[in-house]
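S.K.:
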Amino acid sequence: MKASFLELLGVANRHAQTESAKDLDAIMATMEGEPTYAYYPVGKMFSGMENTRRLYRHFIDDVQPRMAGWKLISESVGAQGVVQEYDIAIRLIGDTEPSWHRIMAILVFGEQGLAGERMYSDEALFRTLTGPLWDEMIPVPAS
């Protein structure tokens with residue numbers, strides 16, 4: 022049975038909280054099935070629970086220490102998920118100082134949890150966010 026809209030909103034909220042708390046197991050508990058992460062406009066993606074775990078391990082260990090600040094610009098909720106727009110100050114791979122980047126992330130609802138994310142930003146930010154997964158990603162299929 023599919024979770025209610027309010028239950029899925031709660032899952033999305035827990036996901037954001039557990040990212041901030043750097044709790045890998047709690048982050049993974051918000052995911053379901055074989056999550057898919059797609060990055061636009063570069064058109065790259067990955068899927069699978071193990072790859073998702075690798076992404077969040079990298080995020081906690083390598084990305085969060087690079088972050089110098091963030092600001093939520095907007096957040097919208099719809100039947101398919103939650104859309105969050107942020108400005109992030111982050112020291113990109115190869116850089117010595119942080120720079121600001123705009124990102125829009127869509128937390129995609131599944132049946133009981135999150136089924137992945139679609140993100141829109143620049144390639145330099147995505148390379149830093151995904152780390153070793155970047156070179157393993159495949160092209161997003163044409164829709």
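FYI, in my numbering the residues of the sequence shown are 22 to 164.
Cβ coordinates follow ideal geometry from the N, Cα and C atoms, glycine included.
(1) Rounded C-beta distance between Glu28 and Gly131? I'm assuming under 8 Å.
(2) Output the boundary residues of the alpha helix (DSSP H) element that contains Leu150.
(3) Which residue's Cα is closest to the Cα of Arg78: Arg123, Met125, Ala42?
(4) Expressed to the nearest angstrom, what Euclidean distance is found between the alpha-carbon atoms of Ile127 and Arg139?
(5) Near Gln105, which residues of its chain fall below 6 Å by C-beta distance, leaving aside the five closest residues on each side in sequence?
(6) Between Leu154, Leu76, Pro153, which lies nearest to Glu40 when the distance is taken from Cα to Cα?
(7) Taking only the alpha-carbon atoms, compute the straight-line gap between Asn34 and Phe80 and give it to the nearest angstrom.
(8) Bridge partners for Gly99 per DSSP, in chain order?
(9) With Tyr58 and Gly137 assumed to form a contact (beta carbons below 8 Å), what rounded beta-carbon distance in angstroms separates them?
(10) Roughly how many angstroms separate the alpha carbons of Met88 and Leu154, rounded to a whole number?
(11) From Gly102 to Ala145, what distance separates their C-alpha atoms?
(12) Can you give me the start and stop residues for the beta strand (DSSP E) that Gly54 sits inside?
M.R.: To lay it out plainly:
(1) So it is not a contact: roughly 12 Å between Cβ atoms.
(2) 144 to 151
(3) Ala42
(4) 5 Å
(5) Glu96, Ala126
(6) Leu76
(7) 18 Å
(8) Gly102
(9) 5 Å
(10) 19 Å
(11) 26 Å
(12) 52 to 61
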